[in-house]
Amino acid sequence: MVDGDGLFEAEAVTLDETKFRIDKGDALASGGSFVTPTIPYQTANPPVDWAGFEFNFNVDVTAAVYNVWVRVCIPGGGNDSIWMSLDGGSYTEGKDYTETQKVDGVAQYEWRKVGVYNNLSAGTKHNFRFYPREAGSKIDKVLITNLTNRRPVGM
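Dropping the structure here:
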C-alpha cells in the first residue's frame, strides 16, 4: 500500500483453482484477464479457513475506515454475490455486488464498494479473502483505500 491505497490485479493473487480460475481475452478487463468462480452452484457461508483467492497487504496509514472496492462484471442477478473475510474472521457477504450495467447487451465492468473495515493501524499486515457464493461474476481488480470519499473510475 502507498499512502493508504492498495490496488491489486485479481489474477495476480493467490488462487485456489478449485474455486476460481483466470480467464483471458476480455478486452474490457484490465490486461485482458479476470478471475471468475469455477463453482456451478450457490455456496453457504464457508468455514473461515477456506479461501478462494486471497492476498496479503501491509497498512501504511492508520485510519478509522478502509473501504474495499472491486472492479467487477456481473452479467445477471444469479451471479451477484461473493463472500469476503479479513484476517481469518467470519465471512460476510459483499455489499453492492449486484448486476452491472449493459451496453448493447454486454455486461460492463464497474467499481463496487463491497466492504468497509474499521481501525486498521499503520505497520500491520492483513490477509483478505474472497470465496465464491455464486458463479458467473468476473473480478478484475481490488482496491483497498482509506480515502472514504474516493470512488475509483476506469481501469
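For the sequence shown, counting from 1, position 8 maps to 13 in this note's numbering; every step adds exactly one. C-beta atoms are modelled at their ideal positions from N, C-alpha and C, and glycine is treated no differently. Computed from a prediction, not measured in an experiment: that's the story for all the values here.
Classify SER95 as helix, strand or coil using the three-state DSSP reduction.
Secondary structure at SER95: coil, using DSSP grouped into helix, strand and coil.
Ordered list of beta strand (DSSP E) runs contained in the region 26-85, each at least 3 residues
Within the region 26-85, the complete beta strand (DSSP E) runs of at least 3 residues are 38-42, 58-63 and 68-78.
Given this structure, state the Cα-to-Cα distance separating ASN50 from VAL75, to the nearest angstrom.
Computed Cα separation, rounded: 20 Å.
As assigned by DSSP and simplified to three states, the class of ALA140
Assignment of ALA140 by DSSP, reduced to helix, strand and coil, places it in the coil class.
Measure the Cβ-Cβ separation of TYR136 and GLY82 and say whether it is below 9 Å.
The answer is no: Cβ separation not under 9 Å.
Sufficient close CB pairs (3 or more, under 8 Å) joining the region 111-120 to the region 60-68:
no
The beta strand (DSSP E) spanning TYR102 covers which residue range?
That residue, TYR102, is in no beta strand (DSSP E); it is neither H nor E in DSSP.
Taking its Cβ as the centre, do 16 or more other Cβ atoms sit within 10 Å of ARG154, making it buried, or is it exposed?
At residue 154 the sequence reads Asn, which differs from the Arg that was named. Answer is exposed; the Cβ neighbour count stays below 16.
Residues of its chain near LEU20, where Cβ-Cβ distance is below 6 Å and the 5 sequence neighbours each way are ignored
PHE58
Can the beta-carbon of ASP31 be found less than 9 Å from the beta-carbon of PHE25?
no
From ALA17 to ARG134, what distance separates their C-alpha atoms?
13 Å
Counting along the chain, where does the beta strand (DSSP E) carrying ASN124 start and finish?
115-125
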